[in-house]
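Single-structure report; data block below.
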Amino acid sequence: RTETFGATVLEALASGVPSIVAANASGTSRLVTEGAGFQAKDAAAMAEAAKMLLTDPELRTRMSAKAHASALTYEWGNVFAELEGHYARALRAWSRATSSAGRRRAMLQLKELAARTADDAPGW
Numbered sequence: 004r005t006e007t008f009g010a011t012v013l014e015a016l017a018s019g020v021p022s023i024v025a026a027n028a029s030g031t032s033r034l035v036t037e038g039a040g041f042q043a044k045d046a047a048a049m050a051e052a053a054k055m056l057l058t059d060p061e062l063r064t065r066m067s068a069k070a071h072a073s074a075l076t077y078e079w080g081n082v083f084a085e086l087e088g089h090y091a092r093a094l095r096a097w098s099r100a101t102s103s104a105g106r107r108r109a110m111l112q113l114k115e116l117a118a119r120t121a122d123d124a125p126g127w
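Each residue of the sequence shown is one higher than the last, beginning at 4 in our numbering.
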């Protein structure tokens, strides 16, 4: 429940391994997109997901391809491009702000962005 990003899940997905994660684990559950694995609500659901993967080779093959594709969105080039866009928007808001209140709002946006970035980026 306290994993902020889920690097091990991302490594599994990048290797083409469909993942089974707890649906209420914020860091890992957002990595497992539909078709790339299962977000199980309890131990019984995890067991059922594992059984499905073990007994259905076609499902495993489809999910393996989706797992790998979903991991590509977290390649550093993609992460950096997204981060750069966020900062560019925040800096434009700062430069357009004509009042001290507007600049304070823009500064708060930058601080919030920095905090989210630290939580979301792999290895940070």
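Note that CB positions come from ideal geometry on N, CA and C, so glycine has one too.
When the Cα atoms are used, what is the spatial distance from residue i to residue j?
i, j, result
"ARG106", "GLY40", "43 Å"
"MET55", "THR64", "12 Å"
"ASN81", "GLN42", "24 Å"
"SER22", "THR76", "16 Å"
"ALA84", "ALA72", "18 Å"
"TRP97", "ALA118", "18 Å"
"MET110", "LEU116", "10 Å"
Ends of the beta strand (DSSP E) at residue i?
i, result
"GLY80", "Where GLY80 is concerned, there is no enclosing beta strand (DSSP E), although the alpha helix (DSSP H) it sits in stretches over 79-99."
If you reduce the DSSP assignment to three classes, tell me which class residue i lands in.
i, result
"SER18", "coil"
"GLY126", "In this predicted model, GLY126 has a pLDDT of only 45, less than 50, meaning its place in the structure is not dependable enough to derive any value."
"VAL24", "strand"
"ALA46", "helix"
"GLY105", "helix"
Can you give me the start and stop residues for the alpha helix (DSSP H) that residue i sits inside?
i, result
"ALA68", "60-75"
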